[in-house]
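Every letter in the sequence shown is one number past the one before it in this note's numbering, and letter 6, counting from 1, is -7.
What follows is one structure encoded as structure tokens, with my remarks underneath.
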Amino acid sequence: CCEKISSHIAFIKRADISLPLQIRLEREFINRSVHSSTWIEGNRLSFDQVVALAGNKNVIAQEEQKQEVNNCIKTIKWILKNKSKSLIEKRLIKIHEMMTNGLLPTKNCGKYRTVQNYVINSRNVVVFTPPTPAKVKLRIDNLLAWIKKFKNEHPIIRSAIFHHEFVTIHPFIDGNGRVARAASQLLLFERGYDPLHTLNLDDFFAKDRGRYYDMIQQTRDMDGDYSYWIDYVAEGLLDSVQEISDRLKTVRRTKGTKKVVLTPKQEELLNLLSEHGIMGSSQICECMKINRARVNQLIAPLVKVGIVIKEGTTRAVRYSLA
């Protein structure tokens, strides 16, 4: 599996990919990852509703479910911005704070649990008892020390073992699954193993949630033999990387969009549009602290090559990513 994955990733790295496609693939990754990761935990917002929230549009749904999705969107975007940084305790804490903001009491956000928790199955039967609260800090310290010590271990093995050990420790009162999946993705990004930020393991886990939980528990029952779990994670990555590779091969057979070299200010502008969804010139001016003429200078080339969509005229003009 690992050799096949590496072959596909090498192809992706060599592919001459237009900027609009890169942006679209990354946006798809965020939307699909958020939908799948929250769905695994019981959130019932549809994929279209997740896309709408990511575009800052109104959605009629339970406030708690919308908050969970918005938190996950914010977290994944933060991870993408910090993709080259090592996973240390303060970043792990930050991920939990963002994931659980408004969902847990403030005293529990980004704080290790002080009570015993349990893992239950669909029949409300306890299937696993995590370590006691007194052992949580030491177990997390040991896990992060292992991540640092084995930074040159194969990215799949390193990410998979972290994922499993983290959900076994279950260090927080809630949100452990979402944090584990997001942090293990960061470990892949950190090593440059996902060059386009498109490998979506959450989709794979969500396709058969029962198998996902069974594989986690099976590894616990095998006293820490991670072999089958690593194979399972590798299977998911292969599934994802094959999909992206096939899409890029199709794109190569068609005429691509002219490649664009972005200025730092244009990158800042695209990040704003990614975060806000749709923006007017005045809003862009305010966020970037520039005048309208400068906005037009930055955005006109992006509209011309199809990266940005322009709607309306004069002062009513609105911009969004294609």
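Glycine included, every Cβ here is placed at the ideal spot set by N, Cα and C.
Would you call the CB atoms of N18 and A41 closer than 8 Å?
Yes, the pair counts as a contact, with Cβ atoms nearer than the cut-off.
Closest by CA to R22, which one among F34, R14 and F16?
Position check: residue 22 holds His in this sequence, whereas Arg was assumed. Closest in alpha carbon position to H22, among F34, R14 and F16, is F34.
From this set, A193, D195, L175 and R196, which residue's C-alpha is nearest L186's C-alpha?
With respect to the C-alpha of L186, the residue from A193, D195, L175 and R196 having the closest C-alpha is L175.
So, with DSSP's three-state summary, where would you put G267?
In this structure, G267 counts as strand in the three-state DSSP scheme.
Using the Cβ count rule (16 or more neighbours within 10 Å means buried), how would you classify I47?
Classification of I47: exposed, given that the 10 Å Cβ count is below 16.
By the 10 Å Cβ neighbour count, where 16 or more other Cβ atoms means buried, how is L235 classified, buried or exposed?
The residue in question, L235, is buried, as its Cβ has 16 or more Cβ neighbours within 10 Å.
Along the chain, which unbroken stretches of the alpha helix (DSSP H) at least 4 residues long are found entirely within the stretch 164 to 212?
Taken in chain order, the whole alpha helix (DSSP H) runs of length 4 or more contained in the stretch 164 to 212 are 188 to 194 and 196 to 208.
Roughly how many angstroms lie between the CA atoms of T116 and C(-12), to the nearest whole one?
Cα-Cα distance, rounded: 32 Å.
For I107 and Q253, the rounded distance between their alpha carbons
If you take the alpha carbons of Q253 and I107, they lie about 48 Å apart.
Of the choices Q54, I75 and I82, whose alpha-carbon is the least far from that of I66?
Ranking Q54, I75 and I82 by Cα distance to I66 puts I82 first.
Assess, as a yes-or-no matter, whether the stretch 200 to 218 is touched by the stretch 165 to 180 under the definition of 3 or more beta carbon pairs within less than 8 Å.
Output reads no: the stretch 200 to 218 does not touch the stretch 165 to 180.
What three-state label does DSSP hand S307 in the structure shown?
DSSP places S307 in strand when its eight states are reduced to three.
C-beta atoms of L183 and L12 nearer than 8 Å:
Yes, these two residues count as a Cβ contact at 8 Å.
Return the Cβ separation of Y99 and F159 in integer angstroms, given the expectation that the two are a contact with Cβ distance under 8 Å.
7 Å between Cβ atoms; contact.
State yes or no: is the C-beta of D190 within less than 8 Å of the C-beta of S227?
In this structure, S227 lies closer than 8 Å to D190 by Cβ.
Taking the DSSP output, what are the residues bridged to V37?
None, per the DSSP bridge assignment.
Can you give me the Cβ contacts of Q204 inside the same chain, cut-off strictly under 7 Å, excluding the 5 residues immediately before and after it?
Excluding the 5 residues flanking it on each side, Q204 has same chain C-beta neighbours closer than 7 Å at V114 and F115, in chain order.
Could you have a look at E298 and say whether DSSP puts it in helix, strand or coil?
Residue state, collapsed to three classes: strand.
Own chain, CB closer than 8 Å to Y215, minus 5 neighbours either side, in chain order
The residues are M202, Q205, T206 and M209.
Can you give me the Cβ contacts of H2 inside the same chain, cut-off strictly under 6 Å, excluding the 5 residues immediately before and after it?
The residue asked about is misnamed: residue 2 is Ala in this sequence, not His. Answer for A2: L235, listed in chain order.
Drop a sphere of 10 angstroms on the beta-carbon of V102, count the other beta-carbons inside from all chains shown, and report buried for 16 or more, exposed for fewer.
V102 should be labelled exposed.
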